[in-house]
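Protein chains in written order, with the numbering used here: chain A, 2 to 424; chain B, 307 to 492. Step one of this worksheet: look at the structure below.
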């Protein structure tokens, strides 16, 4: 089969790929969006049942599209996210090829060759928008668990009914881990949550959604080239937020109030015994301090912008309550814990990417999404790609506009060079 | 047996330790010790720590001498190297604890020691403490202890001695198992 040809291949039909498609269409750049399943495939097939988006409905301003409903402050369920992105694809007439699995991306003379299970594409430019959360990260120590413990990772977990009876340990206390802990504990299975670095945040502050404050105060617009340590910023865990109809704050205090037990970071397994770090108090103290700084920033901004009369008065949350001497070990063969769920983050899958574009940590080398080692190739949809909001539904639009402008200039440059060569 | 008891002398009063075990079984509160150190920053990365008193057997005690420990970072860290680095003190603590244990266990097992020397190596990738890579831990990625022991015992018995010393070592436990650390600012 001969390769089909287009100017730009966008790999991935989620919010990032669709936003880029819209920008390419605006510039009349011929392209195709390759999607391994249906549009919004990760949202459709790889998340737990109760998940709602962590950002409110209004905060989904995509190029040429936005929220159309009557509940701007609500949080989308998974089916609602899927419907929203389906509708976006339709409104912008995105040229999506569904059920097309990319098996390899290679550089070939003056462009790229994309191999898929539905044939090959040749293109001058390529956009990698396949997402940052394709594979659940599971620590190596999981291999040393006793065989009687059932394990699930954050992509396998769907709902508490999947689990047998008995105690459950959730490892990880960011948005994913705290949400698992809450619903599993409520299902009658006693939950212990292992807590490492996490970022505590109130859902609502001074009467407004925290995301509203971060958006209004410009925190979400902070640029990748203006912050001190971008590698660290790209690795930060997600804010400890949840999107529920009653807009509750799901922090560690909320969990312990329902009976969930806190233990330190899962540090190792020795003779069938789990070991937990003695740093729990400090992890919680640090998180409280960081949250205090974020709220200080918000308060300052509110004062400077004359909002103090309009919104509720500033307040602070109680410090995270940690018992005097949290347990440091647990016998995993005692039957106290029957299931362990790893909520220890996600990573992208670049197994199909056959180009020398990686650093020694397996990350793609890029400058704000412009690949260092592959001219005409772009990356999208990863945390802090160009801005703090880059991984949000609301953040991919600005990135798509910036990168599409760069891509268009690159194509112009190539065209000029070709004309020069022909003369 | 009686004969070997008189000939084995590693300088450890094992009988006192065994007696203490019996006495403390009836008074477990007295077994609760608190070890203390204080530390004062001098300049740069240089600090001086002092070990003077401790609590145990229900009361405060003082060491015979006040012990001072200078700690600093070496020249390759752009420091002035006015003392051992803090992580070297951890190695010192582990070495001296294991070695004391070997002497005590040998005494109890009636093994005469002639020489016990050890070397310790703690590996560390300093990208961790420099904050360059959060996948790399700050602390040692491993500690290797190598003993050379000359004693009136078979190789197997010497190995059992070293193993038992690890089993009963406070510092070995501190280094190999987690410990709750509470840091407050007054």
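All residues carry an ideal CB built from backbone N, CA and C; glycine is no exception. Computed from a prediction, not measured in an experiment: that's the story for all the values here.
Between residue 221 (chain A) and residue 77 (chain A), the gap from beta carbon to beta carbon reaches 9 Å or more. Taking 9 Å as the threshold, the shortest C-beta distance from residue 66 (chain A) to chain B does not fall below it. Within the segment 277-290 of chain A, those residues whose Cβ lies closer than 9 Å to any Cβ of chain B are, in chain order, 277, 278, 279, 280, 281, 282, 283 and 286. Secondary structure in the segment 226-314 of chain A: the alpha helix (DSSP H) runs of 4 residues or longer, each lying completely within the stretch, are 231-236, 253-258 and 281-305 in chain order.
When 9 Å is used as the limit between beta carbons, residue 487 (chain B) is near these residues of chain A: 279, 280, 282 and 283, in chain order. Residue environment: residue 82 (chain A) is assigned as buried (16 or more neighbouring CB atoms within 10 Å of its CB, all protein chains considered). Membership of residue 457 (chain B) in the beta strand (DSSP E) is indicated by the continuous run 448-457. By the neighbour-count criterion, in which a residue is buried when 16 or more other Cβ atoms sit within 10 angstroms of its Cβ, residue 345 (chain B) is exposed. 440: these are the residues of the segment 427-461 of chain B whose beta carbon lies less than 7 Å from some beta carbon of chain A, given in chain order. Interface flag for residue 326 (chain A) against chain B is set, since a Cβ pair is found closer than 9 Å. In the three-state reduction of the DSSP assignment, residue 362 (chain A) falls in the coil class. Straight across, the Cα-Cα distance linking residue 229 (chain A) with residue 369 (chain A) is about 14 Å. Counting C-beta pairs closer than 8 Å gives fewer than three between the segment 112-129 of chain A and the segment 81-97 of chain A, which falls short of the contact rule. Nearest CB-CB separation between residue 319 (chain B) and chain A: not below the 9 Å threshold. Taking a cut-off of 8 Å for Cβ pairs, the segment 364-378 of chain A and the segment 187-204 of chain A do not touch, as fewer than three such pairs fall below it.
In terms of CA proximity to residue 38 (chain A), A:99 leads the group A:99, A:392 and A:171. In summary, the residues of the segment 462-485 of chain B whose CB is separated from some CB of chain A by less than 9 Å are 482, 483, 484 and 485, in the order they occur in the chain. If you keep only unbroken beta strand (DSSP E) runs of at least 3 residues inside the segment 144-218 of chain A, you get 151-154, 168-172 and 192-196. With a cutoff of 9 Å on beta-carbon distance, residue 7 (chain A) and residue 33 (chain A) are scored as near each other. Taking residue 388 (chain B) as the centre and dropping the five residues before and after it, the same chain places the C-beta of 352, 376 and 378 closer than 7 Å to its C-beta, in chain order.
Secondary structure at residue 45 (chain A): helix, using DSSP grouped into helix, strand and coil. Looking at the DSSP output, residue 361 (chain B) bridges to B:340 and B:366. One finds 484 and 486 in chain B with Cβ atoms closer than 9 Å to the Cβ of residue 265 (chain A), taken in chain order.
Taking C-beta atoms under 8 Å as the contact rule, residue 484 (chain B) and residue 276 (chain A) qualify, at a distance of about 5 Å. When beta bridges are read from the DSSP output, residue 492 (chain B) appears opposite no residue.
When the beta-carbon positions are compared, residue 382 (chain A) and residue 358 (chain A) stay at least 9 Å from each other. Segment contact: the segment 325-345 of chain B against the segment 353-367 of chain B, three or more CB-CB distances shorter than 8 Å; contact assigned. Using a Cβ distance threshold of 9 Å, residue 44 (chain A) and residue 159 (chain A) do not count as a contacting pair. Below the 7 Å Cβ cutoff, chain B contributes no neighbours of residue 392 (chain A), its closest Cβ being approximately 18 Å away. Burial state of residue 421 (chain B) is exposed, judged by a 10 Å Cβ sphere holding fewer than 16 other Cβ atoms. Residue B:440 holds the alpha-carbon nearest to the alpha-carbon of residue 233 (chain A) among B:440, B:462 and B:323. Under the Cβ criterion of 9 Å, residue 232 (chain A) is counted among the residues facing chain B. Inclusion of residue 257 (chain A) and residue 251 (chain A) in the CB contact set at 9 Å is not warranted, their separation being larger than that value.
Taking the C-beta atoms as reference points, residue 9 (chain A) is found no nearer than 9 Å to residue 19 (chain A).
Taking residue 208 (chain A) as the centre and dropping the five residues before and after it, the same chain places the C-beta of 312 and 313 closer than 8 Å to its C-beta, in chain order.
Contact annotation for residue 236 (chain A) against chain B: 440 [CB-CB distance below 8 Å, chain order].
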